[in-house]
Amino acid sequence: MNLDPSLLFLFFALVNAGFTSKPDCKTFPGDEVWPSEAIWTTLNHTLDGRLLTSSPPPGAACHVDQTYPNVRECQRLKEDWTRYQWHSEDPVSVMWDQFTNYSCLPDPSFPCSSQGYPPYVINASTSEHVKAGIDFAKEHNIRLVVKNTGHDFIGRSIGPGAISIWTHHLNTIEYHPDHFHLLRSDGTMETIDGNAMTVGAGVQLYEAYRAADRYQQTVVGGNGKSVGFGGYITGGGHSFISSHFGLAVDNVLQIEVVTPGGEILTVNQFRHPDLFWALRGGGGSTFGVITKVTMSTHPKVKVSNVNWMIVTDPKATYLWDVIAYAASTLPYLVDSGLAGKNYINKTLINPVPGSGLPREVAGVTGSNAMLNNDDPTVAIKIFKPINDTINARWPGKVLLHLESPIDYPSFLAWYDVNFDGTTGGRSRYLVSRLLDKEALTGDPTALREALRAGNEPNGIQALYTVTGKGVHEAKPRGGNAVHPAWRRAYVHTGVSTAEFPPLNKTAEREAIEILDKSFQPLRDLTPNSGAYMNEALPFERDWQHTFWGSNYERLLAIKKAVDPDDVFWCSPCVGNEGWRQRQDGRLCRVR
Numbered sequence: 398m399n400l401d402p403s404l405l406f407l408f409f410a411l412v413n414a415g416f417t418s419k420p421d422c423k424t425f426p427g428d429e430v431w432p433s434e435a436i437w438t439t440l441n442h443t444l445d446g447r448l449l450t451s452s453p454p455p456g457a458a459c460h461v462d463q464t465y466p467n468v469r470e471c472q473r474l475k476e477d478w479t480r481y482q483w484h485s486e487d488p489v490s491v492m493w494d495q496f497t498n499y500s501c502l503p504d505p506s507f508p509c510s511s512q513g514y515p516p517y518v519i520n521a522s523t524s525e526h527v528k529a530g531i532d533f534a535k536e537h538n539i540r541l542v543v544k545n546t547g548h549d550f551i552g553r554s555i556g557p558g559a560i561s562i563w564t565h566h567l568n569t570i571e572y573h574p575d576h577f578h579l580l581r582s583d584g585t586m587e588t589i590d591g592n593a594m595t596v597g598a599g600v601q602l603y604e605a606y607r608a609a610d611r612y613q614q615t616v617v618g619g620n621g622k623s624v625g626f627g628g629y630i631t632g633g634g635h636s637f638i639s640s641h642f643g644l645a646v647d648n649v650l651q652i653e654v655v656t657p658g659g660e661i662l663t664v665n666q667f668r669h670p671d672l673f674w675a676l677r678g679g680g681g682s683t684f685g686v687i688t689k690v691t692m693s694t695h696p697k698v699k700v701s702n703v704n705w706m707i708v709t710d711p712k713a714t715y716l717w718d719v720i721a722y723a724a725s726t727l728p729y730l731v732d733s734g735l736a737g738k739n740y741i742n743k744t745l746i747n748p749v750p751g752s753g754l755p756r757e758v759a760g761v762t763g764s765n766a767m768l769n770n771d772d773p774t775v776a777i778k779i780f781k782p783i784n785d786t787i788n789a790r791w792p793g794k795v796l797l798h799l800e801s802p803i804d805y806p807s808f809l810a811w812y813d814v815n816f817d818g819t820t821g822g823r824s825r826y827l828v829s830r831l832l833d834k835e836a837l838t839g840d841p842t843a844l845r846e847a848l849r850a851g852n853e854p855n856g857i858q859a860l861y862t863v864t865g866k867g868v869h870e871a872k873p874r875g876g877n878a879v880h881p882a883w884r885r886a887y888v889h890t891g892v893s894t895a896e897f898p899p900l901n902k903t904a905e906r907e908a909i910e911i912l913d914k915s916f917q918p919l920r921d922l923t924p925n926s927g928a929y930m931n932e933a934l935p936f937e938r939d940w941q942h943t944f945w946g947s948n949y950e951r952l953l954a955i956k957k958a959v960d961p962d963d964v965f966w967c968s969p970c971v972g973n974e975g976w977r978q979r980q981d982g983r984l985c986r987v988r
């Protein structure tokens, strides 16, 4: 019998494909090939006993069907559930409930199980622990997730059926006075003049601030106490002092990372420059696990905090003209040295009862930081042209209220009073956009209507001024992967959904739709801009370019080069297009 050679070739190709094709899904608990207890025990020995499980799940104390119900513990848990810090100190819990699929809330009226959490957690305290976890996940084809503090607005820090690497206890801090030595690819050293600090990925921002302050230094970081450095820099890292010193990633000199291949690498502008570029702004849980970050520090700064309000009658027909005007002044304020939190708010208490305005007012408020200012009248001087314009356009109808600046001897002293006290343990989403000077000053009518629409979901909209000259003119070593829109933005604006009830998919879907629709005018106003991917809507339609702009194609090429086996996957993250999480929690290939 003679066979056509082409058919014979096809036969062997199909046979070989059967042996070499990759599994359609990641291995999941209950699968025949899920590792046995003996294998997990062996891994635990490798990890020096640092393998944890998610059982009992975080809210178990409130559920009588769980192993350890406890009335007193349940009450304490209910009180702690809204504290970001509590979630950061738990190995599996994250700050927003929907990302766990409400698997075990501290409320006995809802079901409780571990199904929404990773069944196993590596409590890593060394890079070798991280490597062991990556190697194990790769060998057994198990989904891998990375949790630092769980301060994550888009849900990357958790995954059902996964093994999780908890980096919270990678918390070493080392200060480098006067200079830092960068390791070159040929083994020689490059000396960088100036002070620097190396922090473990699990070091939280306030811990780094206190460490730097002991040496009369300041480090660029955000305003939330429960934010960890490892995840913070993967998105870029904005700060109230970014207008002077750039984004956090603009200050990064060197990173230690464990790659998807299990290599522990030191990366900088000379060693593995593509990976160094991608890690600084290209997103977390994608290119490896960051274990250490070395950053430039800056001499201790004095901070003056300036609180201001531009408000009017909430029923006034010109309300949104006033709000748009206030927003249009933000580039001027940033260029004048002010940076910080600003909010559109439709429900405020009149700060000057005798002003002729009603008890409740609406408008824009600001709490802004100014560095190294010695002129007690500077705020009055800065706001004078704004006040003149208000009096000319709306005489007697709009109030600019300016409080006397409050001076602090250091950034740490300012931070201890002004840190972000937002609560967690809720169900909501966030959407954001970067606004440049043209968007804020070019077309007042378009800005007014875009802000009006963006404010709809809950009546409060952030207009954070966390950029400026320091970001616009930054020259990071080797460049970095943050969205190019940062280099011209003046405002990072965001709004969240109203809270929606647990396990109510209809309410959740409606909240997302309202949020998405409300921000479309702001997207239309800024077609060449994007969003800060650490604080964003995970369902952006063109998320690749919304989060990374023209950098996405290079990031995708680096992802394919360093992680050809897709050891790391998260959503929305670089290179995730080939996989989807199914309704049952399994992570499977898109066919």
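First residue of the sequence shown: 398, per the working numbering; consecutive thereafter. For glycine and all other residues, C-beta sits at the position ideal for the given N, C-alpha and C.
Checklist entry - Rounded C-beta distance between I707 and V664? I'm assuming under 8 Å. => result That pair is no contact at about 46 Å.
Checklist entry - Do the stretch 692–708 and the stretch 822–831 make contact, defined as three or more Cβ pairs closer than 8 Å? => result No: fewer than three Cβ pairs fall under 8 Å.
Item to check | The alpha helix (DSSP H) enclosing D477, as first and last residue numbers | outcome: 468–477
Checklist entry - With distances taken between CB atoms, is the gap from S623 to T726 smaller than 7 Å? => result no
Item to check | Nonlocal neighbours in the same chain, by C-beta distance under 7 Å from S829, ignoring five residues either side | outcome: H889, T890, G891, A928, Y929, E932, A933
Item to check | Rounded C-alpha distance that separates L754 from K781 | outcome: 21 Å
Item to check | Same chain only: Cβ atoms within 7 Å of L809, ignoring 5 sequence neighbours per side | outcome: Y606, R607, D610
Next on the checklist: Please list the terminal residues of the continuous alpha helix (DSSP H) segment that includes A534.
Outcome noted: 524–537
Next on the checklist: Going by the DSSP bridge assignment, what does H460 pair with across the sheet?
Outcome noted: Assignment of beta-bridge partners to H460 by DSSP yields no partner.
Next on the checklist: Short of 7 Å in beta carbon distance, which residues of its chain neighbour V349, apart from the five on each side in sequence? Order them along the chain.
Outcome noted: Look at the range of the chain in this structure, 398 to 988, and you will see that residue 349 is not part of it.
Checklist entry - So, using beta-carbon positions, are A721 and L848 closer together than 7 Å? => result yes
Checklist entry - Using the beta-carbon count (16 or more within 10 Å), is A723 buried or exposed? => result It is buried - the Cβ of A723 has at least 16 other Cβ atoms within 10 Å.
Next on the checklist: To the nearest angstrom, how far is the alpha carbon of L716 from that of N498?
Outcome noted: 40 Å
Item to check | Three-way DSSP call (helix, strand, coil) for N413 in this model | outcome: For N413, the predicted structure reports a pLDDT of 43, less than 50, and the residue's modelled location is therefore unreliable. The matter cannot be settled from this model.
Next on the checklist: The beta strand (DSSP E) that contains T520, what's its start and end?
Outcome noted: The sequence given here places Asn at residue 520; Thr does not occur at that position. N520 -> beta strand (DSSP E) spans 517–520.
Checklist entry - Just how far apart, CA to CA, sit V690 and I570? => result V690 and I570 have their alpha carbons spaced roughly 10 Å apart.
Next on the checklist: Rounded to whole angstroms, what is the Cα-Cα separation between G946 and K957?
Outcome noted: 18 Å
Item to check | Inter-residue CB distance, S639 and N704 (contact presumed, cutoff 8 Å) | outcome: 20 Å between Cβ atoms; not a contact.
Item to check | the stretch 914–921 contacting the stretch 894–901, beta-carbon criterion three pairs below 8 Å | outcome: No: the two stretches stay apart, fewer than three of their Cβ pairs being nearer than 8 Å.
Checklist entry - On the three-pair Cβ rule with 8 Å, is the stretch 445–465 touching the stretch 485–493? => result Contact holds: three or more Cβ-Cβ distances are below 8 Å.
Checklist entry - For the candidate residues G876, L672, P881, whose alpha-carbon lies nearest to that of T864? => result P881
Item to check | Buried or exposed (CB count within 10 angstroms, at least 16 for buried), V542 | outcome: buried
Checklist entry - Any idea what DSSP makes of N788, helix, strand or coil? => result helix
Checklist entry - With which residues is L796 paired in a DSSP beta bridge? => result V708
Checklist entry - Which same chain residues, not among the five before or five after V646, have their C-beta less than 7 Å away from its C-beta? => result I630, G633, G634, R677, G678, P873, N877, V879
Next on the checklist: Within the continuous alpha helix (DSSP H) that includes L754, where are the two ends?
Outcome noted: No alpha helix (DSSP H) holds L754; DSSP gives it neither H nor E.
Checklist entry - Can you pull the DSSP bridge partners for C422? => result Note: C422 sits in a beta bridge opposite C985.
Checklist entry - By how many angstroms is the C-alpha of D981 removed from the C-alpha of S510? => result 14 Å
Next on the checklist: Using the three-state DSSP reduction, which class does S764 fall into: helix, strand or coil?
Outcome noted: In the structure shown, S764 adopts extended strand secondary structure according to DSSP, grouped into three states.
Checklist entry - Do you know offhand how far T439's Cα is from T923's? => result 54 Å
Item to check | Candidates Y465, K712, D504, of which the one nearest E476 by Cα | outcome: D504
Checklist entry - Should I436 be labelled buried (16 or more other beta-carbon atoms within 10 Å of its own) or exposed? => result exposed
Checklist entry - At what residues does the alpha helix (DSSP H) containing W976 begin and finish? => result W976 -> not in any alpha helix (DSSP H); beta strand (DSSP E) instead, spanning 976–978.
Item to check | Supposed contact pair I779 and S701 - C-beta distance, whole angstroms, cut 8 Å | outcome: That pair is no contact at about 11 Å.
Next on the checklist: Spatial neighbours of P969 within its chain, please: C-beta separation below 6 Å, excluding the five flanking residues on both sides.
Outcome noted: P935, W940
Checklist entry - Is it right to say H442 is buried, meaning 16 or more other beta carbons lie within 10 angstroms of its own, or is it exposed? => result exposed
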